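In mature numbering (1 follows the signal peptide of the UniProt record, and there is no 0), the protein residues as written are -27 to -1, 1 to 198.
Structure record follows, encoded as structure tokens.
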């Protein structure tokens, strides 16, 4: 595993991804601000609670993580081409994943192939990693075919759940804090929830299905005759 990653959400990265896409179909991404609705939209949900993380003021550059049958990598991005360090916040009984610098982007990527949905609790913290009320969080998701969706959510709390489900496999997800006037806020993530979606039949499968329905109809006509 490489220890150097990149910021997915730059114009250069998006252009490169779009240029190499071989699919003409564009992903549809649905945003959820309800945990129940998000869970109803995915299959094989699995939660990474981060409670096994040790406490470090300045943590590693990246983490390789698993949640059920899904896997991913988490790291912090300071800017285009610049990685930084992670930070473990929360408490020993309920750890959160955060960034070392307030302006950094908490990034998730290198998902296993069945990840079509990502969600969790996202909110702001102070310098010590304690919950900071009333903060605005930026959520940015990118599908494997280059479709991107950016959402800003205000007044987040530790119970603020947000998620995205895509019709195309997910490539990356970033969360960051919008800095308040006259102060600083760090983003935190808790209970990251990954999931798949029900498989959509390929065109060839539709053709076989229609042919099968045609045979059933013909047999029904023969029986009626």
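We put the CB at the ideal spot given by N, CA and C, even for glycine.
Everything numeric in this text was worked out from a predicted model, so none of it was measured.
Residue i in three-state terms, based on DSSP
{"i": "residue 51", "result": "strand"}
{"i": "residue 26", "result": "coil"}
{"i": "residue 60", "result": "strand"}
{"i": "residue 108", "result": "strand"}
{"i": "residue 31", "result": "coil"}
{"i": "residue 14", "result": "helix"}
{"i": "residue 9", "result": "helix"}
{"i": "residue 44", "result": "strand"}
{"i": "residue 155", "result": "coil"}
{"i": "residue 96", "result": "strand"}
{"i": "residue 85", "result": "coil"}
{"i": "residue -3", "result": "coil"}
{"i": "residue 73", "result": "coil"}
Close-in-space but distant-in-sequence residues of the same chain around residue i (CB under 7 Å, 5 per side omitted)
{"i": "residue 22", "result": "164"}
{"i": "residue -2", "result": "118, 120"}
Where the beta strand (DSSP E) through residue i begins and ends
{"i": "residue 150", "result": "143 to 151"}
{"i": "residue 103", "result": "Premise fails: residue 103 is in no beta strand (DSSP E) and is neither H nor E."}
{"i": "residue 122", "result": "121 to 129"}
{"i": "residue 160", "result": "159 to 169"}
Cα-Cα separation between residue i and residue j, rounded to whole angstroms
{"i": "residue 5", "j": "residue 28", "result": "31 Å"}
{"i": "residue 155", "j": "residue 75", "result": "13 Å"}
{"i": "residue 149", "j": "residue 80", "result": "9 Å"}
{"i": "residue 71", "j": "residue 119", "result": "26 Å"}
{"i": "residue 58", "j": "residue 166", "result": "22 Å"}
{"i": "residue 24", "j": "residue 141", "result": "30 Å"}
{"i": "residue 55", "j": "residue 132", "result": "31 Å"}
{"i": "residue 49", "j": "residue 1", "result": "27 Å"}
{"i": "residue 78", "j": "residue 100", "result": "15 Å"}
{"i": "residue 89", "j": "residue 65", "result": "30 Å"}
{"i": "residue 128", "j": "residue 111", "result": "12 Å"}
{"i": "residue 153", "j": "residue 51", "result": "18 Å"}
{"i": "residue 249", "j": "residue 98", "result": "Nothing can be reported for residue 249: it is not among the residues displayed for the chain, which extend from -27 to 198."}
Bridge partner(s) assigned by DSSP for residue i
{"i": "residue 138", "result": "3, 90"}
{"i": "residue 116", "result": "143"}
{"i": "residue 78", "result": "50"}
{"i": "residue 66", "result": "DSSP output for residue 66 lists no bridge partner at all."}
Sequence-distant residues of the same chain with beta carbon closer than 8 Å to residue i, five excluded per side
{"i": "residue 17", "result": "41, 42, 43, 87, 168, 169"}
{"i": "residue 130", "result": "96, 104, 106"}
{"i": "residue 46", "result": "-27, -23, 35, 36, 37, 38, 81, 82, 83"}
{"i": "residue 213", "result": "Past the boundaries of the shown model lies residue 213; the chain is included only from -27 to 198, so the question cannot be answered."}
{"i": "residue 33", "result": "58, 59"}
{"i": "residue 102", "result": "60, 61, 62, 63, 69, 71, 159, 161"}
Same chain, Cβ closer than 6 Å to residue i, neighbours up to 5 away in sequence not counted
{"i": "residue 63", "result": "69"}
{"i": "residue 134", "result": "8, 94"}
{"i": "residue 136", "result": "5, 11, 92"}
{"i": "residue 115", "result": "-20, 121, 144, 145"}
{"i": "residue 19", "result": "40, 41, 43, 167"}
{"i": "residue 73", "result": "31, 57, 58, 60"}
{"i": "residue 14", "result": "138"}
{"i": "residue 26", "result": "61, 68"}
{"i": "residue 3", "result": "138"}
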